[in-house]
Amino acid sequence: MSFYPETLSELERGIVSELEKLRIYDCHEHLPPESSRLRQSPDAFTLFSHYCQHDLYTAGMDKKTMAEILWNPGDIDWKWKTFEPFYNKMKHTSYCRAAHITMEKFYGEKQLTAENVHEVSERVRRANTEGLYNRVLRDTCGIIASINCDGPLDDNHSGQILQTLRCADELCTGGDVQKRLGGETPVRTLEDVLTACEKRIKDAAKKGAVGVKFMAFYMDGAAKEEARATLARLLSDPSLRLPRRNPLNEYVLTAQLMMAHKNGLVCCVHTGYWNDYRELSPANLLPFIIKNQDVKIDLYHVGYPYVREAIMLGKVWPSVRMNMCWTYLISRKFAFDALDEMLEMLPDNKIFGFGGDYYVVEKVFGHLVMARETISRVLAKKVREKTLTLERALDIGKKILYDNPKEFYNLKG
Ligand SMILES: [Zn+2]
């Protein structure tokens, strides 16, 4: 229990203990194949890569230095000296908390210091051996399977990893179209574009993928002829760059959502938080959902900062699920409030309680501890308020971590 705050009440601790016993589904990751992780030379700083780098960057660290420290092997003393001033500025954030929990669990230290940085690096290096993914995901986290994004479709790690296909999007130049869909034969017509999309999605389904990943760009099913004319313009003028919100992109995104559905795949949709988050509001999906109410949509990240726009989609539409992946890392307060509000508004089959959303496998554990903590605090609040019995609260805990993703994705296990 040492990973959980001492301030948890007895009731909250009791619920955490029950959640720890569950075998669960991990509803979103970005894990590379274990073989590529084993080829890397990770060190203590690897634990502060991925989301921590957002906080290091906004604290003032430049991107080139950051890449050298976090993603490449190098002199540990130089790394520490350069890293420390920025680490001191961000070591209290939620991103960093997951890194600290992870470091304590697997490498025995609560924080990185000048005194332990060499030893932690050595422990990380020694643990980077075959079986790492199973030791972390299956044995330590109790994860039955992780739904994964951006990995090779044929890497399923004996069923532990379930891949999703990244859809072809951001069709803004002729070059984008060829790069994403051209393959061996260049794309010339809108029919070529659609055939190439269909082939990718069919192939993914055949290889066992469980979903297609989309970003929630605006898509209102632009007319086919507009899309055709836009493609012709892009192909005839290689210097032309259109905004993402263009008829070709919209039309092709909409077509791919339908293709995913027809091939039995879930549409996994990132909403909110990313660079220009204004383009990724969950409300962008509404015109599509209204017209296609049977298409299964797994809505990622509860739309932060457009939280209530996201919850509204779960509230109104039967085919939409709310996925808490990444949320506890973004902000515990936001995740707590979102889950609290969703449990008041939604039937208990609508929420997926956890997705680590990480490249670095050990960090999934740090995030899972934070998820269990927040879920238990929300459930305990409802028990204290007498809106749920403890028995019902524990049943909901199990549903959001196990039954709901299993049912929606038709998973076995
Ligand atoms: Zn992600």
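Numbering (our numbering), first residue to last: 70 to 482. In this text, a Cβ means the ideal position worked out from N, Cα and C, and glycines have one as well.
Have a look at residue i and residue j and give me their C-alpha separation to the nearest angstrom.
i	j	result
residue 243	residue 325	19 angstroms
residue 163	residue 301	47 angstroms
residue 406	residue 354	23 angstroms
residue 152	residue 186	11 angstroms
residue 256	residue 459	58 angstroms
residue 311	residue 251	19 angstroms
residue 411	residue 161	27 angstroms
residue 106	residue 197	8 angstroms
residue 390	residue 463	20 angstroms
residue 166	residue 134	22 angstroms
residue 468	residue 205	23 angstroms
residue 472	residue 432	24 angstroms
residue 351	residue 285	6 angstroms
residue 89	residue 423	13 angstroms
residue 145	residue 210	30 angstroms
residue 100	residue 451	35 angstroms
residue 446	residue 396	15 angstroms
residue 313	residue 217	25 angstroms
residue 159	residue 129	11 angstroms
residue 219	residue 249	14 angstroms
Name the DSSP beta bridge partners of residue i, please?
i	result
residue 282	235 and 337
residue 98	217
residue 262	DSSP output for residue 262 lists no bridge partner at all.
residue 366	336 and 389
residue 10	In this structure the chain extends from 70 to 482, so residue 10 is not present and cannot be described.
residue 230	215
residue 358	DSSP output for residue 358 lists no bridge partner at all.
residue 93	212
With a threshold of 6 angstroms, establish whether the CB of residue i neighbours any heavy atom of ligand 1.
i	result
residue 95	no
residue 426	yes
Please classify residue i as buried or exposed, where buried requires at least 16 neighbouring CB atoms within 10 angstroms.
i	result
residue 367	buried
residue 318	buried
residue 426	buried
residue 309	exposed
residue 265	buried
residue 180	exposed
residue 228	exposed
residue 456	exposed
residue 147	exposed
residue 492	Residue coverage of the chain in this structure runs from 70 to 482, which leaves residue 492 outside it and unanswerable.
residue 453	exposed
residue 70	Any reading at residue 70 must be qualified, since the residue scores a pLDDT of 49, below 50, and its modelled position is unreliable; the value itself is stated next. That one is exposed.
residue 124	buried
residue 359	exposed
residue 112	buried
So residue i and residue j are in contact, right, with Cβ under 8 angstroms, and what is the actual spacing, rounded?
i	j	result
residue 277	residue 337	So it is not a contact: roughly 15 angstroms between Cβ atoms.
residue 271	residue 332	6 angstroms
residue 274	residue 334	6 angstroms
residue 299	residue 315	6 angstroms
residue 394	residue 369	5 angstroms
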